[in-house]
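Chemist: Take 28 as the starting number for the sequence shown in my numbering and just add one per residue. Beta carbons: idealized from backbone N, C-alpha and C, even for Gly. This is the structure I want to talk about, given as structure tokens.
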Amino acid sequence: MAIRQIRQEGDEILKKKSRIVENIDERIQELIDDMIETMNKYNGVGLAAVQVGVLKQVLVIDIDDGNGPVAMINPVILKTKGAEPMEEGCLSFPNKFAKVIRPTEVHVEYTNREGKRVKEKAKDLYAQAIAHEVDHLNGEVFVDKMVPGTLEYVTPEEN
28 MAIRQIRQEG
38 DEILKKKSRI
48 VENIDERIQE
58 LIDDMIETMN
68 KYNGVGLAAV
78 QVGVLKQVLV
88 IDIDDGNGPV
98 AMINPVILKT
108 KGAEPMEEGC
118 LSFPNKFAKV
128 IRPTEVHVEY
138 TNREGKRVKE
148 KAKDLYAQAI
158 AHEVDHLNGE
168 VFVDKMVPGT
178 LEYVTPEEN
């Protein structure tokens, strides 16, 4: 496993649409492991492969609920419910936060890392994270969807 470089605001790859994963091979498994390690190092809730420079439909999420990280390959949001403004940040936009209108519930279908197709209902933070990361796979970033006037810059704390 390795920490991968996170692509930052202004990198054109963040605006590109990711390609479908045809085969879950050793390279995809390694990518997933690296993404989880990278997300954890930077205290993220989710990370899409495009954020580490790989245009594949792979994302990882860990909402720290005791269930561990989830890897989603070729995820599709089938249905959403509700909509409310939610505070968001992004590892590709360090120290920036804004409100984004997100569904409070999503129904998602994806392939897990074992190759099994899964349908799942997600609520609250988990639903928000899925919506945010699926946006990345479609070349969309949260600052493009933010509620106008809600962007905040946070100065990182000195360690």
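#1: Under 8 Å, with one C-beta from each stretch per pair, do the segment 153-171 and the segment 64-78 reach the 3-pair mark?
#2: Any idea which residues DSSP pairs glutamate 179 with across the strands?
#3: Less than 8 Å between the beta carbons of threonine 138 and glycine 109, yes or no?
#4: Mind checking leucine 105: buried by the 16 CB within 10 Å criterion, or exposed?
#5: How many whole angstroms separate the CB atoms of proline 102 and leucine 86, which I take to be in contact at a CB cut-off of 8 Å?
#6: If I measure Cβ to Cβ from alanine 158 and keep anything under 8 Å in the same chain, skipping five residues before and after, which residues do I get?
#7: Just curious, the alpha helix (DSSP H) that methionine 173 is in, first and last residue?
#8: Taking all protein chains shown into account, decide if alanine 154 is buried (16 or more other Cβ within 10 angstroms of its Cβ) or exposed.
#9: Buried or exposed for methionine 28, please, with buried defined as at least 16 other CB atoms from any protein chain shown within 10 angstroms of its CB.
#10: Measure the beta-carbon distance from serine 119 to isoleucine 30 and round it to whole angstroms, keeping in mind my assumption that it falls under 8 Å.
#11: Run through the DSSP bridge pairs and tell me what valine 97 is partnered with.
#12: Hey, arginine 140 and glutamine 84 are a contact pair by Cβ (cut 8 Å); roughly how many whole angstroms apart?
#13: Which residues mark the beginning and the end of the beta strand (DSSP E) in which alanine 75 is found?
Modeler: Quick look at the numbers:
#1: With a cut-off of 8 Å on Cβ pairs, the segment 153-171 is in contact with the segment 64-78, counting three or more such pairs.
#2: Along the sequence shown, read from residue 1 onward, the residue named residue 179 stands at position 152. According to DSSP, glutamate 179 bridges with Phe124.
#3: Along the sequence shown, one-based indexing puts residue 138 at 111. Along the sequence shown, one-based indexing puts residue 109 at 82. Going by C-beta atoms, threonine 138 is not nearer than 8 Å to glycine 109.
#4: In the sequence shown, the residue the question calls residue 105 occupies position 78. Answer is exposed; the Cβ neighbour count stays below 16.
#5: Position 75 of the sequence shown, counted from the start, is the residue given in the question as residue 102. Position 59 of the sequence shown, counted from the start, is the residue given in the question as residue 86. At roughly 6 Å, the Cβ-Cβ gap stays under 8 Å, so proline 102 and leucine 86 are in contact.
#6: Position 131 of the sequence shown, counted from the first residue, corresponds to residue 158. Excluding positions up to five away in sequence, the list reads Ile104, Thr107, Arg129, Pro130 and Val133.
#7: Position 146 of the sequence shown, counting from 1, holds the residue named residue 173. Careful: methionine 173 lies outside any alpha helix (DSSP H) and carries neither H nor E.
#8: Taking the sequence shown and counting its residues from 1, the one referred to as residue 154 is at position 127. Residue burial is scored here from C-beta neighbours: alanine 154 has at least 16 other C-beta atoms within 10 angstroms and is therefore classed as buried.
#9: For the purposes of this step, residue 28 is taken as residue 1 along the sequence shown, with counting starting at 1. The residue is exposed, with fewer than 16 neighbouring Cβ atoms inside 10 Å.
#10: Within the sequence shown, numbered from 1, the residue matching residue 119 stands at position 92. Within the sequence shown, numbered from 1, the residue matching residue 30 stands at position 3. That belief does not hold up - the Cβ atoms of serine 119 and isoleucine 30 are roughly 15 Å apart, past 8 Å.
#11: Within the sequence shown, residue 97 is the residue found at index 70, counting from 1. Ile88, per the DSSP bridge assignment.
#12: Start at 1 with the first residue of the sequence shown, and residue 140 comes out as number 113. Start at 1 with the first residue of the sequence shown, and residue 84 comes out as number 57. Arginine 140 to glutamine 84, Cβ: 13 Å. No contact.
#13: Here residue 75 is taken as the residue at index 48 of the sequence shown, counted from 1. Residues 73-75.
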